[in-house]
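For the protein sequence lines, the chains are A and B, in the order given.
Quick note: the first sequence, position 335, residue 335 per this note's numbering, numbers continuous.
Here this note's numbering runs 1000 ahead of the position in the second sequence, where the first position is 1.
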Amino acid sequence: MSTPDVVVVGAGPAGIGAALEAACAGASVVVLDEYPGAGGQYYRQPTPGLEASPNSPLIEHAPEGRAQIRDAQAAGVEFRQDVLVWGAFSDGSLTTLAAGKADVLKPSKVILATGGYERAIAFPGWTLPGVITAGAAQALFKGQGVLPGRRILLAGTGPLQVAVAAQLVHAGGRVVGVLEANHFGRLFRSGPRFWGQWARLQEGYRYWRTLRFQGVPLAFGRTVLRAVGNGALSRVVTAALDAGWRPVPGTETEVEVDTLCLGFGLVPNTKLARLMGCDLIHDPCCGGVVPVHNDDMETSRTGVFVAGEAAGVAGAKAAEYQGRIAGIHAARQLGKGMSAETEGRLQAARRHLRKEMRFARALNEVFAVKPGILDLVTDETVICRCEEITWGRLRRERSEWATTLDAVRSATRAGFGLCQGTICEPLVADLLARATEQSVADLGSYHIRPPLKPITVGALADLNLRLPPPPKRMDH
Amino acid sequence: MEHDDLRLQSYVRRGRPVSIEVDGEPIQAFEGETIATALLAAGRRVLRHTQEGTPRGLFCGMGVCFDCVVEVNGETSVRSCMTPVRPGMSIRTPQAFHGKEQRP
Chain A
1 MSTPDVVVVG AGPAGIGAAL EAACAGASVV VLDEYPGAGG QYYRQPTPGL
51 EASPNSPLIE HAPEGRAQIR DAQAAGVEFR QDVLVWGAFS DGSLTTLAAG
101 KADVLKPSKV ILATGGYERA IAFPGWTLPG VITAGAAQAL FKGQGVLPGR
151 RILLAGTGPL QVAVAAQLVH AGGRVVGVLE ANHFGRLFRS GPRFWGQWAR
201 LQEGYRYWRT LRFQGVPLAF GRTVLRAVGN GALSRVVTAA LDAGWRPVPG
251 TETEVEVDTL CLGFGLVPNT KLARLMGCDL IHDPCCGGVV PVHNDDMETS
301 RTGVFVAGEA AGVAGAKAAE YQGRIAGIHA ARQLGKGMSA ETEGRLQAAR
351 RHLRKEMRFA RALNEVFAVK PGILDLVTDE TVICRCEEIT WGRLRRERSE
401 WATTLDAVRS ATRAGFGLCQ GTICEPLVAD LLARATEQSV ADLGSYHIRP
451 PLKPITVGAL ADLNLRLPPP PKRMDH
Chain B
1001 MEHDDLRLQS YVRRGRPVSI EVDGEPIQAF EGETIATALL AAGRRVLRHT
1051 QEGTPRGLFC GMGVCFDCVV EVNGETSVRS CMTPVRPGMS IRTPQAFHGK
1101 EQRP
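Structure (structure tokens):
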């Protein structure tokens, strides 16, 4: 396989933006993406074989995404789909898996646009079939044209919940309610922070109106206390929350549902950045641990860039501009993209990004998850879904000397399962920080080793190459 | 408005029908659907049982959590939310109890 100048990992808004700019500047660019189609979660396209009519609620951002993918392809970008990047090594090589075959790439520049995933909030019953993330609901609905269930409740925080609910209702789904954890008064008072975001406020109003017309109740200061069901979800118990998101005793009510969609914001997917040895910083406003990066989106490792949610949760538009900036600078390190035209595009991207980041900061602060929600966790609540480790066991089996997240993982096995700690890491960090009265930043993070996702020994055996050890991580 | 089927009736045109087999039972799916979608639409929310015997289904829906893993044509730990159905595919939903695998 010929080695491109620039490899972009992830074909969402950030990855497409990065690839487009790097290719326009004259670099050869390959985008590696784990999904069957480019677009990521935001620009998700209906699955091949499924035709969606242009007026359908499935479509949303898909046409915009398709146009951008076409632009990138016209500029010479090669999108390789169904490719998992599972390893990074000290000599700068990346290892991939496609159609059961492993391969090695050694590009001179790497742009990490690995996106984010839903923040896990644990409560009794959250492992029951029928309890899904809002992202899963969107994937089913936008990608597959299938409703997640027959009676749907959404619980969480932020405008995405209202958007998902409105889309489900539009498509004929039965949504029994939307629970926003924040109190209405608090959100109303933070209104001025979104001054100037008229298009977005209008979009929010449209969603709200859809719910209103369909009689879908939107409750503020309320969330799910526990999920109940024999074999699968059949009902949830909800409760009012105080300002710090602690459940208020005596406010419980029950609602019969077969589907609960959880949406408590996103966590940056930084595994590849961590494997590449990029320095990290804990920034609660960005969704947690993120790679340190400069204004050019370059990480602490020369020639390794990061863009989009993987650089800190800031939304699809910010992701695109960050991607563009990263793409131009990656090309410039190769001696390309020095023209006045490229400079103009760079300055435009920077200008747009500044505006987007102001909005993202306001949104992240207003809809930040508050620590009272950890009170939902009981001793019997599963924390590591893969290894079925409950909070009680985690607390008991964590030895006293295990003061970092990684040591706790070794002592309890929480985070050693198939997902490699992806889901439980932020949750364990928050719970341990509270239990040990430490800051989340002091607990560090799980040490990441290849493969990032399970691969077969057969695929490894095919890899007839000696790989150097992964880069050393510098912990501060 | 309630559907018998979770598949949207309006706004979309589906691809060719695809027959798969789940735990020995034939299930009708459509081209482009993931295994998780096909099972959900067929009324099967439980995709596997864990070592401790608790049921699990779709959770993240984007290939991150590995909660929806099933056995496909003999290959274990296949993410059903990421794997499209193919004609004649044989799927088993893992039923491990106390470390011993029980096949339905």
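Yeah, the Cβ is synthetic: ideal placement off N, Cα and C, and Gly gets one too.
Per-residue DSSP class, three states only, for residue i
i                   : result
lysine 109(A)       : strand
threonine 299(A)    : coil
glycine 288(A)      : strand
glycine 344(A)      : helix
leucine 280(A)      : strand
threonine 253(A)    : strand
glutamine 1028(B)   : strand
histidine 447(A)    : coil
valine 6(A)         : strand
alanine 181(A)      : coil
glutamate 1002(B)   : For glutamate 1002(B), the predicted model reports a pLDDT of 38, less than 50, meaning its position is unreliable; a value from the coordinates is still stated below. Three-state DSSP puts glutamate 1002(B) in coil, outside helix and strand.
proline 13(A)       : helix
cysteine 1060(B)    : coil
alanine 319(A)      : helix
leucine 432(A)      : helix
isoleucine 1020(B)  : strand
glutamine 438(A)    : coil
histidine 1049(B)   : strand
arginine 1103(B)    : Note that arginine 1103(B) scores 44 on pLDDT, short of 50, meaning its location in the model is unreliable; the coordinates nonetheless yield the value given after this. Correct three-state label for arginine 1103(B): coil.
valine 85(A)        : strand
alanine 373(A)      : Residue identity check: residue 373(A) is isoleucine in the sequence provided, not alanine. Helix at isoleucine 373(A).
leucine 241(A)      : strand
phenylalanine 79(A) : strand
glutamate 365(A)    : helix
arginine 1007(B)    : strand
glutamine 333(A)    : helix
histidine 1098(B)   : Low confidence applies here, because histidine 1098(B) scores a pLDDT of 40, under 50, leaving its location unreliable and the question unanswered by this model.
leucine 50(A)       : coil
alanine 18(A)       : helix
glycine 1015(B)     : coil
glutamate 34(A)     : coil
Segment limits, alpha helix (DSSP H) that includes residue i
i                  : result
tyrosine 205(A)    : 198-213
tyrosine 117(A)    : Element bounds for tyrosine 117(A): not the alpha helix (DSSP H) but the beta strand (DSSP E), 116-118.
alanine 62(A)      : 62-74
serine 410(A)      : 405-412
arginine 193(A)    : Neither: arginine 193(A) is in no alpha helix (DSSP H) and is coded neither H nor E.
isoleucine 1035(B) : 1035-1041
arginine 274(A)    : 271-275
leucine 460(A)     : 457-462
Start-to-end residues for the beta strand (DSSP E) that takes in residue i
i                : result
proline 1077(B)  : Going by the sequence as given, residue 1077(B) is serine instead of proline. First-last of the beta strand (DSSP E) with serine 1077(B): 1075-1079.
glutamate 477(A) : Past the boundaries of the shown model lies residue 477(A); chain A is included only from 1 to 476, so the question cannot be answered.
arginine 226(A)  : 222-228
threonine 259(A) : 259-263
valine 306(A)    : 304-306
serine 1090(B)   : 1090-1092
proline 268(A)   : 266-268
valine 1069(B)   : 1069-1072
Proximity winner among the options, relative to residue i (alpha-carbon distances)
i                 : options                                       : result
arginine 517(A)   : Ala433(A), Pro159(A) and Pro217(A)            : Outside the displayed range of chain A (1 to 476) lies residue 517(A), so it cannot be described from this structure.
glutamate 78(A)   : Thr404(A), Ser2(A) and Gln45(A)               : Ser2(A)
alanine 233(A)    : Val1069(B), Pro1026(B) and Arg1044(B)         : The identity of residue 233(A) in the sequence shown is leucine, whereas the question assumes alanine. Taking only the C-alpha atoms, the option nearest leucine 233(A) is Arg1044(B).
glutamate 118(A)  : Cys424(A), Leu431(A) and Gly196(A)            : Cys424(A)
valine 237(A)     : Leu260(A), Val6(A), Thr456(A) and Ala102(A)   : Leu260(A)
asparagine 55(A)  : Gln167(A), Thr436(A) and Leu346(A)            : Gln167(A)
proline 505(A)    : Lys370(A), Ala331(A), Gly244(A) and Cys384(A) : The structure shown does not extend to residue 505(A), since chain A is modelled only from 1 through 476, so no value can be given for it.
alanine 459(A)    : Thr96(A), Arg396(A), Ile448(A) and Pro268(A)  : Thr96(A)
glutamate 1033(B) : Thr1093(B), Pro1087(B) and Tyr1011(B)         : Pro1087(B)
glycine 415(A)    : Arg449(A), Trp401(A) and Ala441(A)            : Arg449(A)
Residue-level contact to chain C via CB, residue i, 9 Å cutoff
i            : result
serine 56(A) : The question asks about chain C, but that chain is absent: this structure's protein chains are A and B.
Near the ligand MN: residue i beta-carbon under 8 Å from a heavy atom
i               : result
aspartate 82(A) : By its list of ligands, the structure shown contains no ligand whatsoever, and the ligand MN lies outside what it can speak to.
What residue ranges within the region 88-169 of chain A form continuous alpha helix (DSSP H) runs of no fewer than 4 residues, ordered along the chain? For the region 88-169 of chain A, whole alpha helix (DSSP H) runs of length 4 or above, ordered along the chain, are 134-138.
Name, going along the chain, the residues of the region 21-43 of chain A whose beta-carbon falls closer than 8 Å to a beta-carbon of chain B. Answer set for the region 21-43 of chain A: Glu34, Tyr35, Pro36 and Gln41.
What residues from the region 143-156 of chain A come within 8 Å of chain B, judged by C-beta to C-beta, listed N to C? Cβ contacts with chain B come from Gln144, Gly145, Val146, Leu147, Pro148, Gly149 and Arg150.
In chain order, what residues of the region 1037-1057 of chain B put their CB closer than 8 Å to some CB of chain A? Within the region 1037-1057 of chain B, the residues whose Cβ lies closer than 8 Å to some Cβ of chain A are Thr1037, Leu1040, Ala1041, Arg1045, Val1046, Leu1047, Thr1050, Gln1051, Glu1052, Thr1054, Pro1055, Arg1056 and Gly1057, listed in chain order.
Selection of the region 1021-1036 of chain B by Cβ proximity to chain A, strictly under 9 Å: Near chain A, meaning a CB-to-CB distance below 9 Å, the residues of the region 1021-1036 of chain B are Phe1030, Glu1031, Gly1032, Glu1033, Thr1034 and Ala1036.
To be precise: take each residue of the region 113-134 of chain A, compare its Cβ to all Cβ atoms of chain B, and keep it if any distance is under 8 Å. Which residues remain? Taking a C-beta cut-off of 8 Å against chain B, the contacting residues of the region 113-134 of chain A are Tyr117, Glu118, Thr127, Leu128, Pro129, Gly130, Val131, Ile132 and Thr133, listed in chain order.
Relative to chain B, which residues along the region 225-237 of chain A have a C-beta separation below 7 Å, given in chain order? So the close ones are Gly231 and Ala232.
Using a Cβ-Cβ cut-off of less than 8 Å, list which residues of the region 1064-1089 of chain B approach chain A; keep chain order. Contact annotation: in the region 1064-1089 of chain B, residues whose CB is within less than 8 Å of a CB in chain A are Val1064, Cys1065, Phe1066, Asp1067, Val1069, Ser1077, Cys1081, Met1082 and Pro1084.
Taking a Cβ distance cut-off of 8 Å, strictly less, list which residues of the region 207-225 of chain A are near chain B, in chain order. The residues in question: there are none.
If contact means a Cβ-Cβ distance below 9 Å, which residues of the region 371-386 of chain A contact chain B? Legend: CB atoms of the region 371-386 of chain A lying less than 9 Å from CB atoms of chain B belong to residues Val382, Arg385 and Cys386.
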